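For the sequence shown, the residue numbers in the numbering used here are 150 to 260.
Notes follow the structure.
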Amino acid sequence: MSKEYTETWAEFLDRYPDLVFVRTKKQIYAADEIDDNIVMEEDTLPLVKGKSVVIPIDESSFPRCFKTGSAMELGIWATFICEKNNWKVSPAMVREILTKQEEKLEAEENS
150 MSKEYTETWA EFLDRYPDLV FVRTKKQIYA ADEIDDNIVM EEDTLPLVKG KSVVIPIDES
210 SFPRCFKTGS AMELGIWATF ICEKNNWKVS PAMVREILTK QEEKLEAEEN S
């Protein structure tokens, strides 16, 4: 039996029904900072207080990544990378994956 990976919206919503990736203006360190810094995008899922698990992705740290997709798209891609490597999907892992991607995109831009 092969390992299944999250590659589509439907798979993501099925496997992670309460997980929401949101775009923020700056890096968020506490939950109460999200409301003042969230940037709503077309595909931002509804945030349900007490139910949604929110992973903020700040646009100031990942400007090149955000040229390629929304916070949800970046988050789903990071989820796929985590699954392929048997890593836990967490804010720290998502940030690490996107940091590496941002560095890669910057190197490509400067070459």
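Note that beta-carbon positions come from the ideal geometry of N, C-alpha and C, so glycine has one too.
Computed from a predicted structure; not experimentally measured.
- In the structure shown, residue 203 adopts extended strand secondary structure according to DSSP, grouped into three states.
- Here residue 177 carries a coil assignment [DSSP, helix/strand/coil].
- Judged by DSSP in its simplified three-state form, residue 194 adopts coil rather than helix or strand.
- Measuring C-alpha to C-alpha distances from residue 225 to each of 234, 199, 238 identifies 238 as the nearest.
- Contact annotation: the region 242-255 touches the region 200-217, with at least three C-beta pairs closer than 8 Å.
- Residue state for residue 171 is assigned as strand, using DSSP reduced to three classes.
- For residue 214, same chain residues with a beta-carbon under 6 Å away, outside a window of 5 residues either side, are 223, 247, 250, 251 in chain order.
- Contact between residue 171 and residue 203 is confirmed by a C-beta separation of about 6 Å, below the 8 Å threshold.
- A direct Cα-to-Cα measurement between residue 245 and residue 218 gives close to 17 Å.
- Nearest neighbour of residue 198 by Cα position, chosen from 163, 169, 161, turns out to be 169.
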